[in-house]
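Read through the structure below, which is laid out as structure tokens, and then see the notes.
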Amino acid sequence: MGLFLSTYVNKVDKKGRVSVPSSFRGVLGGQTELIVFRSLQANAIDACSVDYMDRLSEALDNPNMPDDMRDLIETTVFGGSVRLALDPEGRIVLPENFLAFAGITEGAAFVGRRHTFQIWDPEALSAHEAASRDRSRAQNISLSTILARTNSVLAAGSNGGGAQ
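Position 149 (the sequence shown) corresponds to 149 in UniProt numbering; numbering is contiguous.
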């Protein structure tokens, strides 16, 4: 599975049509539809491939998944999702209620998030990015600290969970 990377801003027409960036369409691997739903964490639209949604569904079948978390995801994500067809030009029509939720009017910012992407109002995204950078600095988060933390967790798991 490819990665959704980078940020692109495209115009939204009066019918709510917007072009999905070509690199994002490439990650979809020829799929002619995608899934969108209102973000659980931001005033943005989350989007993913149908394959990714299938993987999420399988993860919810895990017997160790807490019932309340399963219910939350089934209700908010699956219950609030819409399948959107890509037209031959690579455009989708965003539902009116999704546009209103995200505050999207004339432009839409597509933000790659590895296996998913988000669609934001460009000004709201700028404010979100600035706040995220401020939090990263305040918490001293960098790529090297993330890798070091991940490596220490993996090492602890491989030796039986730590001290013996």
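All residues carry an ideal CB built from backbone N, CA and C; glycine is no exception.
Of the residues the options, the one placed nearest residue i, counting alpha carbons only
i           : options                     : result
residue 246 : VAL93, ASP51, PHE78, ALA42  : No answer is possible for residue 246: the residues shown for the chain start at 1 and end at 164.
VAL20       : PRO66, ALA109, MET53, ILE73 : ALA109
VAL27       : ASN10, SER132, ASP51        : ASP51
GLU33       : ARG135, ARG25, ALA124       : ARG25
SER22       : GLU89, ASN97, LEU72         : GLU89
Environment of residue i [buried if 16+ CB atoms lie within 10 Å]
i           : result
LEU147      : exposed
GLY162      : At GLY162 the pLDDT is 48, less than 50, meaning the model places this residue with poor confidence; the figure from the coordinates comes in the next sentence. GLY162 should be labelled exposed.
GLN164      : Because the pLDDT of GLN164 is 42, which lies under 50, any placement of that residue in the model is unreliable, and the number read from its coordinates should be weighed accordingly. Exposed: under 16 other Cβ atoms inside 10 Å.
SER49       : buried
SER137      : As written in the sequence, residue 137 is Arg, which differs from the Ser given in the question. By the neighbour-count rule (16 or more Cβ atoms within 10 Å), ARG137 is not buried but exposed.
SER39       : buried
LEU3        : exposed
ASP121      : buried
residue 167 : Here the chain comprises residues numbered 1 to 164, so residue 167 is not present and cannot be evaluated.
GLN118      : buried
ARG114      : exposed
VAL36       : buried
ARG149      : exposed
LEU72       : exposed
Limits of the unbroken beta strand (DSSP E) element including residue i
i           : result
CYS109      : One detail in the question is off: residue 109 reads as Ala in this sequence, not Cys. Element bounds for ALA109: 107-113.
GLU33       : 33-38
ASP46       : 45-48
SER19       : 17-19
ILE146      : From DSSP, ILE146 is part of no beta strand (DSSP E) but of the alpha helix (DSSP H) over 143-158.
residue 185 : Only positions 1 to 164 of the chain appear in this structure, which leaves residue 185 out of reach.
Residue i, enclosing alpha helix (DSSP H) - first and last residue
i     : result
ASN10 : First-last for ASN10: 7-11, but that is the beta strand (DSSP E), not the alpha helix (DSSP H).
Rounded Cβ spacing between residue i and residue j (contact assumed at less than 8 Å)
i     : j     : result
LEU93 : ARG17 : The sequence shown places Val at residue 93, not Leu. Rounded, the Cβ-Cβ distance is 5 Å, consistent with contact.
- Message: Measuring CB atoms only, is the region 37-53 touching the region 95-103, in the sense that at least three cross pairs come out at less than 8 Å?
- Response: yes
- Do three or more CB pairs link the region 127-143 to the region 65-72 at distances below 8 Å? no
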